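Numbering (the numbering used here), first residue to last: 47 to 124.
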């Protein structure tokens, strides 16, 4: 899983205080109604580092997208 929550140069911050306090949901790439994993918000909220440090056990050939609340923040396809 790759997350797009790091800020490079003049890019906008995706992890606003509200988004950072949303649970992380990992859904099937082709059927978003299929929730593969759900992670509760860590104390203090999500950071790019805390997202990247997760060991999400997605099978190698399964595609998935990551959302904090309704905000898309990552995928196996990037």
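By construction, the Cβ of each residue, glycine as well, lies at the ideal position given by its N, Cα and C atoms.
Keep in mind the model is a prediction, meaning the values are calculated, not measured.
- Taking C-beta atoms as the reference points, residue 82 and residue 104 count as a pair closer than 8 Å.
- Look at residue 107 here: in three-state DSSP terms it is coil, with no helix or strand label.
- Taking the Cα of residue 93 as reference, the smallest distance to any Cα among 112, 109, 62 is reached at 62.
- Take residue 112, set aside five residues on each side of it, and the residues of its chain with a beta-carbon closer than 7 Å to its own are 47, 49, 70, 72, 119, 120, 121, in chain order.
- Cβ-Cβ distances below 7 Å link residue 86 to 69 in the same chain, with the five nearest sequence neighbours on each side left out; the list follows chain order.
- Put simply, the backbone Cα of residue 84 is about 31 Å away from that of residue 55.
- Residue 75 and residue 117 do not touch by the CB rule: their CB atoms are close to 17 Å apart, not below 8 Å.
- Taking 8 Å as the upper bound for CB-CB distance, residue 65 and residue 107 are not in contact here, some 29 Å apart.
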